[in-house]
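>
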Amino acid sequence: MTESVVHSEGSHGPESGDPNRRDFIHIAAGAAAVGAGVMVAWPLINQMNPAADTLALASIEFDLTKVQEGQQVVIKWQGKPVFVRYRTPAELQRVIADDHAPDLKQPQTDAERTKPGHEPYLVVIGSCTHLGCVPTFGAGDYGGWFCPCHGSHYDASGRIRKGPAPLNLVVPDYEYLSDTRVKIG
Amino acid sequence: MSDHESTYVPKTGVEKWLDSRLPIIRFGADYMSLPTPKNLNYWWTFGGILALCLMTQIVTGIVLAMHYTPNVDLAFASVERIMRDVNGGWLIRYVHANGASMFFIAVYLHMLRGLYYGSYKAPREMIWIIGCVIFFLMIATAFLGYVLPWGQMSFWGAEVITNLIGAIPGIGEPILIWLRGGPAIDNATLNRFFSLHYLLPFAILGCVVLHLWALHHAGQNNPVGILIPKDRAKKDLVPFHPYFTVKDGFAIILFLILFALFVFFMPNALGHADNYIPANPLQTPAHIVPEWYMLPFYAILRAIPDKFGGVVAMFSAIGVLFVLPWLDTSKVRSMRYRPTMRTFFLIFLAVGLGLGWCGGQLPDAPVWPGMPSPVIFDGALNSYLWLTRLLTLYYFVFFLVIMPLVGLKETPLPIPATISEPVLPGPDAPWAPLRRPCRRRPRRRAERVMMIGKLTVSTTKIIAAAAVALGLAVSAAPALAAGGAAHPRSGGFSFEGPFGVYDQGQLQRGYKVYHEVCAACHSMNLMHYRNLGDAHGPFWNPKYPNPNDNPVVKALAAENQVPDIDSETGEAIMRDATPADKFRQPYPNATAAAAGNGGAAPPDLSVMAKARHDGANYIYSLLSGYRAAPAGLQIREGQHYNPYMAGDLTPFWTGDHDHVPEGGFIAMPPPCRTARSPMTTARPRRWTSTPRTSRPSSPGRRNPRWSSASRPASA
Ligand code: FES
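Going down the list, the sequences are from chains A and B. Take the first sequence: its letter number 86 is residue 86 in this note's numbering, and every next letter is one higher. Take the second sequence: its letter number 317 is residue 502 in this note's numbering, and every next letter is one higher.
In structure tokens:
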């Protein structure tokens, strides 16, 4: 420590006074300026985060009797589509058979993606995990969905099977209020 | 040439006074007299053209912002209001929208010029790098601007592009939410995009100032690519004005002709029909593609099977340009003297266009239909996916491998000592002793540059420039046809082609059909009754320049009841419509419309002819295209087969309309009985979509029929 002081004294020349104190002032002033800069910048950056009214649109309820077997209903939740799909026994059989298929990019069993006792109903966010397009119902090689944007194929459990999407269709937080009513969010 | 002596002499007292305080006139004068290599060819005119493009975009953008509303519920309608009601708004908007494409055509040519003639090499690296920053800002600005009309492509483009940022592992998701201002693209996103779209052009302007500063410091490159020796400055350099102001001016005129062709005759050719469908967060268009100028990068994005990898590749494709000055190991600037590199450059050009083409195709579609090919990894070899991958590979190999290697290995052709040498051969040229042997005599004629006092313009180059511009424009029109649907039949409409006119009699019959049939289900939210009496509209009468006074229009409006609030009691009432009212809506809101039609709301028809590829013909084909379904096709209740509809099935006719208007129209489909009537409806749909374009249409004056025909159609 002492040594470094001696060195810097030499480098500052005779009239520079106490270099130790001057360095300190430079560093302190610099740090204060950076701190102030951050404090000014933060509100300017943070204002772009979701506003209170946007966050308020938290949950919705849905009546499952509106979905017919083999069909899906698309509802809007937080500005995004949510697919509620009532799967036929054949579809269900097929996805369960595929539970351990080698081509699953994100291995999950169908049971992990539904609620016990309500297996035919699948609730997923209808937004392709690639770049967010809405996949088309019933299309694709696996009988689930097909994303028209860059060709991702999902099975009827919403699992990604082929194409650029990295993840399965996201299952949102939801719960059964009764046998026919779910609350999403 | 940067530090040339100022030759400005202030003449008047005011100039002298100003010159000693703020030498701004001197600055301008020095700028204009800047010594410039006299051999600059037409590829050098794009700088001036780009300056013009930037100013055009800024000026038209500022005035458009005076009328545009950045709100998810109002944005689409406010843009259409600009098209219909704002004085000259259609012109300003079309100039702005097509101006973006023109800007990119010019910037790509400008960049290719820099690439070919080595304008990025020492001492001009900073010019190039700032140029790359400008290019990047242009892409960002264009993307933000494309979101503003809030059509389907706007929305889904925004969704896909912002999701690219979400692909960054770990921090992607919070940044994404921060950027969008919510979990999904919504009003917050639109508002900030508008703000940034207004801001960034001024950032571009700032960079342009730096670009020019660096340019004037380092001096212009030239087609020969040599630095001009000090002692030849007098011979080889000429003042920028008048020599290059005139040359640039001529190029600008040619460019403006191309610009005007698009604005006035095919204003929507470079856009997507889907963007005339209002944004719907619950439905993605069948085929989403970015604007043509982003297609090559979009193709690179899709070529990589991994999400984050694709994003990295796409940004690297632009990022690699920044380090170009250090990737090129050759000391020779101009590719004229680097035949090997020129070959690779030409391949690169083709690859760039190829990537643009691939970006507009479905990745799984075969390149050569019907040719069987092995499946490699995750796709058939004969698919756009694999073609894109090969082209992407070349794109990067060109910059990262070919550029450094060829520079080290090649033997360049002898380089002239002066820029005059290649054009003034012969022993009697004063500098003949300076000449080194040149083997490339046959090229000379094609390479003639503009000589001062002896103007010889290389025609081959103009042709080449035109071909490249055309190529860019053509690659701008990717496969837009709806997937799988039959190509629309031509309706043979009177308004087709550059000199087409609307036939007023047909417009009137069209309104009648809309009013009596279509209006039962379909709204026309952007139309007001007064529009019926607009210039060259169905009930236009020159006696009433203000259509609100037109008695025919008044009578037509009064046939309809519209909801209102009683001004005294405040109760909801129905009253007769006036010309100032919007067309009556068949349903109180979108949910009611969907509920009444098996879940799918009948689309609004105001801009239908622009919202479908080959609009009028599409409508004509669709309306006359109902027929028995081919065997084996499953048809659900309420659906009908129509080969022209994407997906082949349409819930168009649900069977509860059996009213046939006088004059004949569609009975119950399928099939549609008469071909004449659908044409009648296709016409006004097209007219409502583009009520005021530059069409020289004046049926009122040309067609003597209109005066006798201008009576309420239902009379
Ligand atoms: S967004 Fe679905 S595949 Fe790209």
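For every residue, glycine included, the Cβ atom is placed at its ideal position computed from N, Cα and C.
Distance check for D371 of chain B and D513 of chain B, CA to CA, integer angstroms please.
For this step, residue 513 of chain B is matched to residue 328 along the second sequence. For this step, residue 371 of chain B is matched to residue 186 along the second sequence. About 45 Å.
> Just to confirm, are G351 of chain B and I360 of chain B a CB contact at a threshold of 9 Å?
Start at 1 with the first residue of the second sequence, and residue 351 of chain B comes out as number 166. Start at 1 with the first residue of the second sequence, and residue 360 of chain B comes out as number 175. In this structure, I360 of chain B lies closer than 9 Å to G351 of chain B by Cβ.
> Tell me whether A705 of chain B counts as near ligand 1, meaning its Cβ is closer than 8 Å to at least one heavy atom of that ligand.
Residue mapping note: residue 705 of chain B aligns to position 520 of the second sequence, counting from 1. No, ligand 1 has no heavy atom inside 8 Å of this Cβ.
> Report the neighbours of V536 of chain B on chain A: residues whose CB is nearer than 9 Å to its CB, in chain order.
Counting from 1 along the second sequence, the entry for residue 536 of chain B is found at position 351. The contacting residues do not exist; V536 of chain B stays about 21 Å from chain A at best.
> Looking at I750 of chain B: is its Cβ nearer than 9 Å to the Cβ of E744 of chain B?
Here residue 750 of chain B refers to the residue found at position 565 of the second sequence. Here residue 744 of chain B refers to the residue found at position 559 of the second sequence. 9 Å or more divides the Cβ of I750 of chain B from the Cβ of E744 of chain B.
> I'd like to know if I184 of chain A contacts chain B, where contact means its C-beta is closer than 9 Å to some C-beta of that chain.
Indexing the first sequence from 1 puts residue 184 of chain A at position 184. By this cut-off, I184 of chain A is not an interface position.
> Can you name the residues that DSSP bridges to M39 of chain A?
In the first sequence, residue 39 of chain A corresponds to position 39, counting from 1. Per DSSP, none; premise fails for M39 of chain A.
> For the 8 Å Cβ check, are there 3 or more pairs between the region 725-734 of chain B and the region 696-708 of chain B?
no
> Tell me the DSSP secondary structure of H672 of chain B in three-state form.
Start at 1 with the first residue of the second sequence, and residue 672 of chain B comes out as number 487. If DSSP states are grouped into helix, strand and coil, H672 of chain B belongs with coil.
> Apart from the five residues just before and just after R113 of chain A, which ones in its own chain have a Cβ nearer than 6 Å to its Cβ?
For the purposes of this step, residue 113 of chain A is taken as residue 113 along the first sequence, with counting starting at 1. Within the same chain, R113 of chain A has close Cβ partners S157 and V171.
> Could you please tell me which residues of the region 336-352 of chain B, in chain order, have their CB closer than 9 Å to any CB of chain A?
Those would be W341, E344, V345, I346, T347, N348, L349, G351 and A352, in chain order.
> How should V199 of chain B be labelled, buried or exposed, when 16 other C-beta atoms within 10 angstroms of its C-beta is the threshold for buried?
What you label residue 199 of chain B is simply residue 14 of the second sequence in a count that begins at 1. Its Cβ having fewer than 16 others within 10 Å, V199 of chain B is exposed.
> Helix, strand or coil for Q691 of chain B, going by three-state DSSP, please let me know.
Here residue 691 of chain B is taken as the residue at index 506 of the second sequence, counted from 1. DSSP places Q691 of chain B in helix when its eight states are reduced to three.
> Could you name the residues that DSSP lists as bridge partners for S152 of chain A?
For the purposes of this step, residue 152 of chain A is identified with residue 152 of the first sequence, where counting begins at 1. DSSP output for S152 of chain A lists A:C147 as bridge partner(s).
> Please enumerate, following chain order, all residues with a beta carbon closer than 5 Å to at least one heavy atom belonging to ligand 1.
A:C128, A:H130, A:L131, A:C133, A:C147, A:C149, A:H150 and A:S152
> Restricting to Cα atoms, I'd like to know which of A:K80, A:G79 and A:Y86 is closest to Q72 of chain A.
Against the first sequence, residue 72 of chain A aligns to sequence position 72. Ranking A:K80, A:G79 and A:Y86 by Cα distance to Q72 of chain A puts A:Y86 first.
> Just to confirm, is the Cβ distance from P828 of chain B to G810 of chain B under 9 Å?
Here residue 828 of chain B refers to the residue found at position 643 when the second sequence is read from its first residue. Here residue 810 of chain B refers to the residue found at position 625 when the second sequence is read from its first residue. Going by C-beta atoms, P828 of chain B is nearer than 9 Å to G810 of chain B.
> Tell me, please, whether the CB atom of G366 of chain B is closer than 9 Å to any CB atom in chain A?
Within the second sequence, the letter at position 181 stands for residue 366 of chain B. True, the Cβ-Cβ gap to chain A drops below 9 Å.
> Taking Cβ positions only, does L665 of chain B come closer than 9 Å to chain A?
Against the second sequence, residue 665 of chain B aligns to sequence position 480. Any reading at L665 of chain B must be qualified, since the residue scores a pLDDT of 38, below 50, and its modelled position is unreliable; no value is offered.
> According to DSSP, G336 of chain B sits in a beta bridge with which residue or residues?
Numbered from its first residue, the second sequence carries residue 336 of chain B at position 151. Partner(s): B:P463.
> Please look up how many angstroms separate the CB atoms of Y714 of chain B and F768 of chain B, rounded, as I've assumed it's under 8 Å.
Residue mapping note: residue 714 of chain B aligns to position 529 of the second sequence, counting from 1. Residue mapping note: residue 768 of chain B aligns to position 583 of the second sequence, counting from 1. Rounded, the Cβ-Cβ distance is 7 Å, consistent with contact.
> If you measure beta-carbon to beta-carbon, which residues of the region 464-490 of chain B are closer than 7 Å to chain A?
P466, L467, Q468, T469, A471, H472, I473, R487 and P490
> Can you tell me which residues form a DSSP beta bridge with T221 of chain B?
One-based indexing of the second sequence puts residue 221 of chain B at position 36. In DSSP, T221 of chain B forms a bridge with B:V423.
> Indicate whether L741 of chain B and Y696 of chain B have their beta-carbon atoms separated by less than 9 Å.
Taking the second sequence and counting its residues from 1, the one referred to as residue 741 of chain B is at position 556. Taking the second sequence and counting its residues from 1, the one referred to as residue 696 of chain B is at position 511. Using a Cβ distance threshold of 9 Å, L741 of chain B and Y696 of chain B count as a contacting pair.
> State whether the region 413-430 of chain B contacts the region 338-346 of chain B, with contact taken as three or more CB pairs (one from each stretch) at a distance under 8 Å.
Under the Cβ criterion (8 Å, minimum of three pairs), the region 413-430 of chain B does not count as touching the region 338-346 of chain B.
> Is the CB of A458 of chain B under 9 Å away from at least one CB in chain A?
Stepping through the second sequence from its first residue, residue 458 of chain B is reached at position 273. For A458 of chain B, the answer is no, since every Cβ of chain A falls outside 9 Å of its Cβ.
> Between R574 of chain B and chain C, is any beta-carbon pair separated by less than 9 Å?
Among the chains of the structure shown, chain C does not appear; the protein chains present are A and B.
> Mind checking P601 of chain B: buried by the 16 CB within 10 Å criterion, or exposed?
Here residue 601 of chain B refers to the residue found at position 416 of the second sequence. So P601 of chain B ends up on the buried side.
> Apart from the five residues just before and just after H153 of chain A, which ones in its own chain have a Cβ nearer than 7 Å to its Cβ?
Along the first sequence, one-based indexing puts residue 153 of chain A at 153. G140, D141, Y142, F146, R161, K162 and G163, listed in sequence order.
> Which two residues bound the contiguous alpha helix (DSSP H) that contains D63 of chain A?
As a position in the first sequence, residue 63 of chain A is number 63, starting the count at 1. Not the alpha helix (DSSP H): D63 of chain A falls in the beta strand (DSSP E), residues I60 to D63.
> So C133 of chain A and T469 of chain B are supposed to be a Cβ contact under 8 Å. How far apart are they, rounded?
The sequence position of residue 133 of chain A within the first sequence is 133, counting from 1. The sequence position of residue 469 of chain B within the second sequence is 284, counting from 1. About 4 Å separates the beta carbons of C133 of chain A and T469 of chain B, which is inside the 8 Å limit, making them a contact pair.
> Determine the extent of the alpha helix (DSSP H) in which W77 of chain A is found, giving its start and end residues.
Within the first sequence, numbered from 1, the residue matching residue 77 of chain A stands at position 77. No alpha helix (DSSP H) contains W77 of chain A, which is instead part of the beta strand (DSSP E) from Q72 to W77.
> Assign L808 of chain B to buried or exposed, taking buried as 16 or more other Cβ atoms, counted over all protein chains shown, within 10 Å of its Cβ.
Counted from its first residue, the second sequence places residue 808 of chain B at position 623. Buried, since its Cβ has 16 or more Cβ neighbours within 10 Å.
> Would you call the region 305-312 of chain B and the region 403-417 of chain B in contact, with 3 or more CB pairs under 8 Å?
yes
> Looking at chain B, which residues of the region 127-159 of chain A have a Cβ within less than 9 Å of any of its Cβ atoms?
S127, C128, T129, H130, L131, G132, C133, V134, P135, T136, C147, P148, C149, H150 and G151
> Given a threshold of 16 other Cβ atoms within 10 Å of its Cβ, counted over all protein chains shown, does V38 of chain A qualify as buried or as exposed?
Here residue 38 of chain A is taken as the residue at index 38 of the first sequence, counted from 1. Within a 10 Å sphere around the beta-carbon of V38 of chain A sit fewer than 16 other beta-carbons, which makes this residue exposed.
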